[in-house]
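Numbering (the numbering used here), first residue to last: 837 to 1149.
The beta carbon of each residue, even a glycine, is placed where N, CA and C say it ideally should be.
Working notes, beginning with the structure itself.
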Amino acid sequence: FWVTRGTVRRPMQAIGAAAAAVAAGRYDVRLPAQRNIPELAPLVGSFNRMAEQVENHTSTLERAVRKAVDETAQRERALVFSSRLATIGTLAAGVAHEINNPIGGMQNAVNRLLQNDALEPRQRTYLQLIGDGLSRIARTTRRLLEFAPRDARPGRLDLLRAIEGARALVEHRLKQAQIAFEVEAPASVPEVHGDTHELQQVLLNLLLNSLDAMESGGGTRIRVALGARDGEVELEVADDGPGMAREDLPRVFDPFFSKKDRPDASGLGMFISFSIVQNHGGQMVVDSAPGAGFRTRITLPVATAREAGPLTS
837 FWVTRGTVRR
847 PMQAIGAAAA
857 AVAAGRYDVR
867 LPAQRNIPEL
877 APLVGSFNRM
887 AEQVENHTST
897 LERAVRKAVD
907 ETAQRERALV
917 FSSRLATIGT
927 LAAGVAHEIN
937 NPIGGMQNAV
947 NRLLQNDALE
957 PRQRTYLQLI
967 GDGLSRIART
977 TRRLLEFAPR
987 DARPGRLDLL
997 RAIEGARALV
1007 EHRLKQAQIA
1017 FEVEAPASVP
1027 EVHGDTHELQ
1037 QVLLNLLLNS
1047 LDAMESGGGT
1057 RIRVALGARD
1067 GEVELEVADD
1077 GPGMAREDLP
1087 RVFDPFFSKK
1097 DRPDASGLGM
1107 FISFSIVQNH
1117 GGQMVVDSAP
1127 GAGFRTRITL
1137 PVATAREAGP
1147 LTS
């Protein structure tokens, strides 16, 4: 009895306890090698390999589930935004027109008053402040009109041209801030169907956002990557700037949301960019963390043979 207990019963109890622990979710359990009982060595080795495989597969599955949940949450937010875009766009257009008309009249009145040479210095200063405020309101309403639905001139376009066009508009700031600009793209990228002006506006807004963040919080590089997969063209704009807090990411596409400490920051750039990408049948998601830069990924459908309109440049 004592020999059986020491050589068989206790090792079998240990194996049973380890199996119960694995069944309860403790996948890090391992059995010690049975050097005194060669007959049990294959069983112990098989059990340890099984537990290790289960632990690895469980970790992989957990990571995949977390990624799927995050992507689903982002797509859900995108669907909610897209369902509101048409209504908000129409409202924005109406509000912008209603504001622009009286603003134009007030600006003309202020300009006429400023032409009066008999104005006291204080009166002139007050009128100039009023004029500056009216100009700021006018700029905001123009941004709203850019978001409003309008007739675009779509065609087949090469995103590389749009990238180069946006880069040319910020080249001076890139050199001034000594920020490297890199483009990664395969030898051939499929064309997409859309409006060159609108997509270039999206790219320009992303580059300006990166520059604003990097000039105030540090960073040395902006990278634009192009690729194609499963009938879609993928465009990613990433910087190594200060990044953004995780809790602020869900608000990035909200109208008038901005983290910039500047009086001319309207908070409409990402909102308008999101609507443009949605109107082109694409998706736009962002990712960031403090100190980890900011990354925007855009997917657009590849132009089909039926969309063989004139090439836009």
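Other residues of its chain near residue i: CB distance less than 6 Å, five sequence neighbours each side excluded
| i | result |
| --- | --- |
| A974 | I939 |
| D1084 | none |
| E1070 | G1063 and T1135 |
| G1131 | At residue 1131 the sequence reads Arg, which differs from the Gly that was named. Within the same chain, R1131 has close Cβ partners A1074 and D1123. |
| E1020 | A1061 |
| M1120 | F1110, V1113 and I1134 |
| G930 | none |
| G1127 | G1079 |
| T1148 | Caution applies to T1148, whose pLDDT of 40 falls short of 50 and renders its modelled position unreliable; the value that the coordinates give is listed next. For T1148, where only same-chain residues beyond five positions count, the Cβ hits under 6 Å are G991, L993 and T1032. |
| L1043 | A1002 and V1006 |
Inter-residue spacing [alpha-carbon to alpha-carbon] between residue i and residue j
| i | j | result |
| --- | --- | --- |
| E1027 | F1093 | 32 Å |
| S1087 | I966 | Looking at the sequence shown, residue 1087 is not Ser but Arg. Whole-angstrom Cα-Cα distance: 32 Å. |
| Q964 | A932 | 23 Å |
| R958 | R1009 | 37 Å |
| L1039 | E891 | 43 Å |
| R1065 | F1017 | 24 Å |
| M942 | D953 | 19 Å |
| R978 | H1116 | 21 Å |
| A904 | A887 | 25 Å |
| R1059 | N1041 | 15 Å |
| V858 | A877 | 19 Å |
| N884 | R866 | 5 Å |
| G861 | F1089 | 40 Å |
| A945 | T976 | 20 Å |
| P868 | G881 | 9 Å |
| A854 | E907 | 37 Å |
| G1103 | V901 | 33 Å |
| S971 | N936 | 10 Å |
| P1022 | Y962 | 57 Å |
| A850 | D864 | 15 Å |
| T1140 | I1108 | 26 Å |
| L879 | Q889 | 15 Å |
| A1002 | L995 | 11 Å |
| S1013 | D1048 | The question names Ser, but residue 1013 in the sequence shown is Ala. Each residue's Cα considered, the two are about 10 Å apart. |
| E898 | E934 | 53 Å |
| Q1036 | L955 | 45 Å |
| K1011 | T896 | 44 Å |
| G1118 | S1052 | 31 Å |
| V1025 | R960 | 57 Å |
| G1129 | A909 | 21 Å |
Residue i, buried or exposed, once every other Cβ within 10 Å from all chains shown has been counted against 16
| i | result |
| --- | --- |
| Q1114 | buried |
| Q951 | exposed |
| N947 | exposed |
| D1031 | buried |
| P1146 | Because P1146 sits at a pLDDT of 42, beneath the cut-off of 50, its placement in the model cannot be relied upon, and the following sentence gives the value as read from the coordinates. With fewer than 16 Cβ atoms within 10 Å of its Cβ, P1146 is classed as exposed. |
| H893 | exposed |
| H1029 | buried |
| R846 | exposed |
| G1105 | buried |
| S1046 | buried |
| M1050 | buried |
| D968 | exposed |
| A856 | exposed |
| A998 | buried |
| A1144 | Interpretation of A1144 is limited by its pLDDT of 47, a score under 50 that renders its predicted location unreliable; the figure taken from the coordinates is listed afterwards. With fewer than 16 other Cβ atoms within 10 Å, it is exposed. |
Beta-bridge partners of residue i, as assigned by DSSP
| i | result |
| --- | --- |
| I1134 | L1071 and M1120 |
| A1016 | R1057 |
| G991 | G1030 |
| R1065 | E1068 |
Sequence-distant residues of the same chain with beta carbon closer than 8 Å to residue i, five excluded per side
| i | result |
| --- | --- |
| G1054 | G1077 and P1078 |
| G852 | none |
| L949 | L955 and L963 |
Beta-carbon proximity list for residue i, same chain, < 7 Å, skipping 5 on both sides
| i | result |
| --- | --- |
| G1067 | P1137 and V1138 |
| A1125 | G1079 and R1082 |
| T1056 | I1015, A1016 and D1076 |
| E1000 | none |
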